[in-house]
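Chains as they are written, first to last, in this note's numbering: chain E, 13 to 221; chain X, 13 to 221.
Working notes, beginning with the structure itself.
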């Protein structure tokens, strides 16, 4: 796995939002547009299918330097030879995940408060997802939006790479970076875009400003 | 993990069938009645809750010699320090599961045909679940019932320990053993019983005949 990943523009997949396009097609275009990290998030498929999808995305990403992160299922991440796993607060506890991964995976954690961020850093998380920054229709089980002020407060509390997620797009991506995030994560802003490559390029430009 | 488990009477849990009793209560009683193996099967909970449940069952089973098997999630099995994982045909592929488990877990596989049983044995499965032997209301995603003749045909084809599952109870448990299974697995016959301890004892008597 990469020793230090670039989380600037972090794509989280959702097949149901891809308008019938394959996940490989959308991810391939997004990476050409400059996405720096890809998380495969699948809640409604079997582990076997999840591994298949991960291997297909790995084939898309090979040689690009873009890491593949698997949502929730550490076993799928290991089975597919992915670069990392991303865990929610109700997924595997971080200390157990680290023990099982044994250095083979980057581990990201979603947090919705300063306290959770501090705990994730103390536990050795490689990346912290601030979720949600703004309200989002993509995910319905989230806490109250933290806003830009929440990003600032978490930035003051931890040194771990921070990625904001939730309701992010070209109109607010730059503000999230200015508030202290190292990167922004998006689902629909790229997955649902008519032109995912251009959507990624436009987002990257806002992040770089 | 035990080098060789006793699969004679294999309990598969289902909280929704326990009539409001805790899973620890039902499993504790079942083990007093003679259950030799317990599989925790949870499809509708987060990985964090799954680990919690597994640790609670482990506490119930400590010192009894009865192994704890986790359904589907190999990462949960490793996180909880369970004895094994049980995989369906659409779960993690056996060869990848074996690689990740690296000898730390027994691996069981569900099969619904002679061909799948032969493949599971060739892949090094520690236990094969024949599913379903008879039709069952507990699981709706199963193949056509194999019947006692299916158990016989699979027994002729493989040497791996065989456990029948699906519609099994005191009235047919003995026949499944006579057909060549090493054990029988039940869900509702124990989980839904008013007296799980007695239900287990009655089943064990039929198996021993």
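Note that beta-carbon positions come from the ideal geometry of N, C-alpha and C, so glycine has one too.
(request) Would you kindly check if the distance between the Cβ of residue 86 of chain X and the Cβ of residue 80 of chain X is under 8 Å? (result) no
(request) Express the C-alpha separation of residue 145 of chain E and residue 166 of chain E in angstroms, rounding to a whole number. (result) 11 Å
(message) If distances are taken between C-alpha atoms only, which option among E:67, E:181, E:187, E:163 comes closest to residue 205 of chain E?
(response) For residue 205 of chain E, the nearest C-alpha among the options comes from E:181.
(message) For a test of the three-state rule: what should DSSP assign to residue 135 of chain E, helix, strand or coil?
(response) Coil, per DSSP.
(request) Report the rounded CA-to-CA distance for residue 59 of chain X versus residue 110 of chain X, giving the unit in angstroms. (result) 20 Å
(message) Using only the alpha-carbon positions, how far apart do residue 78 of chain E and residue 129 of chain X sit?
(response) 39 Å
(request) Note down the Cα distance separating residue 6 of chain X from residue 209 of chain X, rounded to an integer number of angstroms. (result) Since the first residue of chain X shown is 13 and the last is 221, residue 6 of chain X is not available in this structure.
(request) Quick one: which unbroken alpha helix (DSSP H) runs of 4-plus residues sit fully inside the region 151 to 185 of chain E? Chain order, please. (result) 159 to 169
(request) Check residue 123 of chain E in the structure and name its three-state DSSP category. (result) strand
(request) Give the DSSP-derived three-state secondary structure of residue 42 of chain X in the structure shown. (result) helix
(message) Short of 7 Å in beta carbon distance, which residues of its chain neighbour residue 46 of chain X, apart from the five on each side in sequence? Order them along the chain.
(response) Cβ neighbours of residue 46 of chain X within its own chain (closer than 7 Å, five residues either side excluded): 21, 212, 213, 216.
(request) Compute the Euclidean distance between the alpha carbons of residue 139 of chain X and residue 195 of chain X, then round it to the nearest angstrom. (result) 10 Å
(message) Any C-beta of chain E within less than 7 Å: which residues of the region 91 to 117 of chain X qualify?
(response) 91, 102, 103, 104, 105, 108, 112
(request) For residue 148 of chain E, I'd like the list of residues in its chain whose CB is within less than 6 Å of its CB, leaving aside the five on either flank, ordered along the chain. (result) 178, 179
(request) Could you spell out where the alpha helix (DSSP H) holding residue 89 of chain E opens and where it closes? (result) 86 to 92
(request) Could you check if residue 107 of chain X is buried or exposed, using at least 16 other CB atoms within 10 Å of its CB as the buried criterion? (result) exposed
(message) Less than 8 Å between the C-beta atoms of residue 54 of chain E and residue 67 of chain E, yes or no?
(response) Using a Cβ distance threshold of 8 Å, residue 54 of chain E and residue 67 of chain E do not count as a contacting pair.
(request) With 8 Å as the threshold, decide whether the Cβ of residue 59 of chain X is near any Cβ in chain E. (result) yes
(message) So if DSSP puts residue 107 of chain X in a beta bridge, which residue, or which two residues, is it bridged to?
(response) Its beta-bridge partners do not exist; DSSP assigns none.
(message) Could you compute how far the alpha carbon of residue 30 of chain X sits from the alpha carbon of residue 84 of chain X?
(response) Straight across, the Cα-Cα distance linking residue 30 of chain X with residue 84 of chain X is about 21 Å.
(message) Suppose contacts are defined by Cβ-Cβ distances below 8 Å. Is residue 96 of chain X in contact with residue 89 of chain X by that definition?
(response) yes
(message) Taking its Cβ as the centre, do 16 or more other Cβ atoms sit within 10 Å of residue 76 of chain X, making it buried, or is it exposed?
(response) exposed
(request) Going by CA-CA distance only, name the one from E:57, E:39, E:102 that's closest to residue 71 of chain E. (result) Nearest C-alpha to residue 71 of chain E among E:57, E:39, E:102: E:39.
(message) Would residue 123 of chain E pass as an interface residue toward chain X - the criterion being a Cβ-Cβ separation below 8 Å?
(response) no
(message) Looking at chain E, is there any beta carbon in it that lies within less than 8 Å of the beta carbon of residue 138 of chain X?
(response) no
(request) Determine which residues share a DSSP beta bridge with residue 22 of chain E and list them. (result) DSSP lists E:49, E:197 as the bridge partner or partners of residue 22 of chain E.
(request) Check the Cβ-Cβ distances between residue 68 of chain E and every residue of chain X, and say whether any is below 8 Å. (result) no
(request) Please state if the CB of residue 23 of chain X and the CB of residue 202 of chain X are separated by a distance shorter than 8 Å. (result) Contact: yes.
(request) Output the boundary residues of the alpha helix (DSSP H) element that contains residue 69 of chain X. (result) 59 to 73
(message) Just to confirm my understanding: we take residue 155 of chain E, look at its own chain, exclude 5 residues before and 5 after, and list those with CB closer than 6 Å. What are they?
(response) 124
(message) For a test of the three-state rule: what should DSSP assign to residue 187 of chain X, helix, strand or coil?
(response) helix
(request) Give the straight-line distance between the Cα atoms of residue 119 of chain E and residue 137 of chain E, rounded to the nearest whole angstrom. (result) 6 Å
(message) Any beta carbon from chain E within less than 8 Å of residue 85 of chain X's own beta carbon?
(response) yes
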